[in-house]
Ligand code: FEO
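In my numbering, the protein residues as written are 81 to 474.
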C-alpha cells in the first residue's frame, strides 16, 4: 500500500511510508504493529523545507509523493539514523540545489553513513531560526533522543513540534492523527523503553527545555501525529522523572520446572505482601514487553537454572539487555535451581555494572525446592515489600 501526500495544515503535509510488514528494528527491537517513517513538507511563502526522509527500502514511495513539488530549498535532517536520513541522497539527486540542515554533530555522521558531499550541508546552532517566508523553523538540540546529534524543529506560526524519534511510536496505521490513545501509549512506552530509557538524565533536560515552547501539535517521525499532545508529554514526564512503581519484574527460564516453582512461589508471596508482579518466561517473551515493564519496576528478580556451569544463556541475554537499558530499578536478586554447582550468581552479578541497585540475598536451591528454600523465598518477598514501603513506591 502506497500512501499519498496528506495535508496536516495549510501548506504543511505528511509524506512518508507506512511499513505494515516490518517486525524487527535494528535486528533487535520487535515491532508487533509495524511502523511508519514520517517526513514532512512545509511550503513557506518563499522557501520549501522537507523534514527528514524515509528508510531506503521505502524511498520510491517518498519520491513519488515529491512528484509535482517544484523545489526543495532545505532538507532538515533531525537524526542521522538511516530510517530517517537514508533517502536524503535520492532527494538531493532530484533537488541538487537543496541544502541539508543539521547539527554540527550530525554532519560528519551523515557523511560517514550516506557519503553526502560536505558542501551540501548547512549546520545550525541550538535555537537558531530559519525563515521560509511566512513560516519560521526553530531548531532545538535534543541530544540523546536517542543519538548524540539529534535535534527537533518547532514551527512557530503553527505551533507544531517536529520531534523525530522523540514522542514517536511504532504503529502502522492509516490514521494521520492519534485516535486510539491507549494503543499509542503502549507503543510509545515500548519505544521509549527500547531506545531512550538509557539516556533519561539528558532527556529530562530536553523535556524541560521544550517547556519554553507553546506546543499544540507533535509530529514525530514514527507513528501518528499528536494533535492533543498533553498526554504523551505527561507520559514521558512519568517515564523519565517519575518514581519506580511498587512492582517486581521476574524474567526467568526453567528447564525442568524447579526454577518455575520458585518463581511462582515468590510471585505469590509478593502479591500477598501487596507488591505487583510481572512474569516473563524468556523462551516465549517479547523482549519489548520486558523492556516496557522495566520502565516502572522497582525490583528485578532473575530466575535461572544453572546450566553449563553458569546462568541459562537466555537469562544472561535479558540481564545484559537490562544493564544496557539502565532502568530506574533499585533492587535486584537472583533465584534458581542447580544440579551440582556453578558460578551463576557471580556471572549475573558481574553483568550489571550500569545498574545502581542493592542486590538482595539470592536464593539458590539444589534440585527441586525444599521447605527451607520456599521459606527463604518468603523472606525475600517480605524484604522486597519492606524496601518498597520504606522508599514510598506505589
Ligand atoms: Fe527512528 Fe533513531 O531512528
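Think of the CB as a built atom: it goes at the ideal place given N, C-alpha and C, for glycine as much as any other residue.
- CA-CA distance, residue 85 to residue 251, rounds to 18 Å.
- For residue 301, the distance from the CB to the nearest heavy atom of the ligand FEO is below 7 Å.
- Within the segment 149-215, the alpha helix (DSSP H) runs of at least 4 residues that lie entirely inside it are, in chain order, 162-165, 168-174 and 186-194.
- Taking C-beta atoms under 8 Å as the contact rule, residue 167 and residue 204 fail to qualify, at a distance of about 21 Å.
- Note on geometry: alpha-carbon atoms of residue 144 and residue 227 lie some 29 Å from one another.
- In this structure, residue 158 has its beta carbon at no less than 7 Å from each heavy atom of the ligand FEO.
- Looking at 236, 119 and 353, the one whose alpha-carbon comes closest to that of residue 245 is 119.
- Within its own chain, the residues whose Cβ lies closer than 6 Å to the Cβ of residue 334, once the five positions on either side in sequence are excluded, are 340, listed in chain order.
- For residue 143, no beta strand (DSSP E) segment is defined; the enclosing uninterrupted segment is the alpha helix (DSSP H) at 139-145.
- The alpha helix (DSSP H) runs of length 4 or more contained entirely in the segment 385-440 are, from start to end of the chain, 393-405 and 424-429.
- When secondary structure is reduced to three states using DSSP, residue 281 falls in the helix class.
- For the options 151, 309, 233 and 473, the alpha carbon positioned closest to that of residue 183 is the one of 233.
- Membership of residue 459 in the alpha helix (DSSP H) is indicated by the continuous run 451-470.
- Around the beta carbon of residue 286, a 10 Å sphere encloses 16 or more other beta carbons of the protein chains shown; the residue is thus reported as buried.
- When rounded, the separation of the alpha-carbon atoms in residue 450 and residue 457 is 11 Å.
- Contact holds between the segment 367-374 and the segment 257-270, because three or more Cβ pairs, one in each stretch, are under 8 Å apart.
- By the neighbour-count criterion, in which 16 or more other beta carbons inside 10 Å mark a residue as buried, residue 229 falls on the buried side.
- At least one heavy atom of the ligand FEO sits closer than 7 Å to the Cβ of residue 226.
- DSSP places residue 342 outside any beta strand (DSSP E); the residue lies instead in the alpha helix (DSSP H), whose first and last residues are 338-352.
- Taken from the Cβ of residue 245, at least one heavy atom of the ligand FEO lies inside 7 Å.
- Around the beta carbon of residue 434, a 10 Å sphere encloses fewer than 16 other beta carbons of the protein chains shown; the residue is thus reported as exposed.
- In this structure, 299 is the residue among 309, 436, 345 and 299 with its C-alpha nearest to the C-alpha of residue 87.
- Following the DSSP letters along the chain, one finds residue 119 inside the beta strand (DSSP E) bounded by residues 115-123.
- In this structure, residue 343 and residue 330 form a Cβ contact; the two beta carbons are roughly 6 Å apart against a cut-off of 8 Å.
- For a cut-off of 8 Å, the C-beta gap from residue 412 to residue 380 is around 5 Å, short enough to register as a contact.
- With a cutoff of 7 Å, residue 99 does not count as near the ligand FEO, since its C-beta is closer than that to no heavy atom of the ligand.
- The three-state secondary structure of residue 374, taken from DSSP, is helix.
- Taking the Cβ of residue 163 as the reference point, at least one heavy atom of the ligand FEO falls within a distance shorter than 7 Å.
- Collapsing the DSSP output to three states places residue 94 in a strand.
- Residue 444 has its alpha-carbon roughly 46 Å from the corresponding atom of residue 160.
- Under the DSSP definition of a beta bridge, residue 332 partners with 361 and 383.
- Per the DSSP secondary-structure output, residue 257 pairs in a beta bridge with 305.
- Annotated three-state conformation of residue 136 is helix, per DSSP.
- For residue 336, the number of other beta carbons within 10 angstroms of its own is below 16, and it is reported as exposed.
- For residue 355, there is no enclosing alpha helix (DSSP H), since its DSSP letter is neither H nor E.
- The straight-line gap separating the alpha-carbon atoms of residue 397 and residue 431 is approximately 10 Å.
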